[in-house]
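Take a look at the structure below.
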Amino acid sequence: MQTENSDSRQYPTLFSWEDLTEIISSGCVIITLIYVYLNVHSDLGKLRRHPDHQEAYDQWRSKIIAAHGSIPQYLLKERLGWVMSDQTPPPTPPPQVANQPKYFTRDIPDKLHKLLNNDWGYAVPHNVEHWVCLRRPIGSRIPLIHQDLYTSDVGYQNALSNGLYGFTNSDNLDGAQEIQNWIIKKFGKDTTAAYFLNPPHLQSVKEVQHFHIFVKR
């Protein structure tokens with residue numbers, strides 16, 4: 018939810034595009050739609066909001082928790098509209114969607130995912146947009162990381178443990194080719210973007226698999 022204080026472009030930047038790409042490639046990124054959780058094995062301490070922006074976010078966060086119980090509940094219900102009622106828990110295994118793809122592809126149906134702008138972005142350059150692509154968790158279990166996308170089992174197992182990242186100007190696409198193709202389809206073939214994905218067991222909002230995209234305009 019945007020507020021008058023949520024737009025990061027109101028605040029000074031703290032690092033350059035080059036800094037951002039270095040941070041993303043430094044290690045596994047533990048980040049949610051709303052908040053950053055730092056991985057001690059990477060440089061993610063650099064990925065933060067301007068202090069004044071962080072103060073505005075903290076005030077907003079307190080109000081959201083008071084109203085909705087938690088940030089994940091707010092995200093799933095208010096931002097995504099994907100929460101099932103307490104009386105109807107998600108089935109195990111979930112029902113299969115007709116013609117459901119084997120894994121996330123560039124042509125994934127709109128009903129199976131959502132693209133959102135990060136409401137409370139970080140102190141990136143003002144010409145960089147932060148987007149999040151989320152896979153619908155109800156009635157579908159389309160994986161973002163899939164063995165068929167890798168040239169070796171070693172690469173696949175590494176992605177399950179450490180996530181993956183990439184850049185649209187790179188040819189090193191092992192495991193990320195469909196995600197990158199989706200980004201290019203969505204934002205254009207000449208897009209300069211960096212993206213990253215965490216394995217499910219490291220995502221703070223475990224109900225929703227997602228990956229992040231920083232688009233340089």
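If you're matching positions, the sequence shown starts at 18 in this note's numbering and goes up one per residue. Quick reminder that beta carbons are idealized off the backbone N, C-alpha and C, glycines included. Given the structure is predicted, the values throughout are model-derived calculations rather than measurements.
- In this model, Lys223 and Pro160 are separated by some 13 Å (Cα to Cα).
- Between the C-alpha atoms of Ala83 and Asn189 there is a straight-line separation of about 45 Å.
- At the C-beta level, Ala210 and Ile196 stay beyond 7 Å of one another.
- Taking C-beta separations shorter than 6 Å and ignoring five residues to either side along the sequence, the partners of Ser23 in its chain run Asp136 and Trp137, following chain order.
- For Tyr212, the uninterrupted beta strand (DSSP E) run begins and ends at Thr209 to Leu214, by DSSP.
- Fully enclosed beta strand (DSSP E) runs of no fewer than 3 residues occupy 181-184 of the region 148-208, in order along the chain.
- Taking 8 Å as the upper bound for CB-CB distance, Gly180 and Leu214 are in contact here, some 5 Å apart.
- Of the residues Gly183, Val141 and Ser178, the one whose Cα lies closest to the Cα of Leu37 is Val141.
- Per DSSP, Ile230 is one residue of the beta strand (DSSP E) stretching across His227 to Lys233.
- Under the DSSP assignment, His70 falls in the alpha helix (DSSP H) whose first and last residues are Pro68 to His85.
- Secondary structure of Leu133 (DSSP, three-state): strand.
- Counting along the chain, Ile40 sits inside the alpha helix (DSSP H) bounded by residues Trp34 to Ser42.
- By the 16-neighbour rule on beta-carbons within 10 angstroms, Arg234 is exposed.
- When rounded, the separation of the alpha-carbon atoms in Ile230 and Gly98 is 21 Å.
- Residue pairing from DSSP places Val145 in a beta bridge opposite Lys233.
- Membership of Gln90 in the alpha helix (DSSP H) is indicated by the continuous run Ile88 to Tyr91.
- Take the alpha-carbon of Gln117 and the one of His130: they are about 12 Å apart.
- Contact between Ser87 and Tyr182 does not hold, since their C-beta atoms are separated by about 28 Å, which reaches or exceeds 8 Å.
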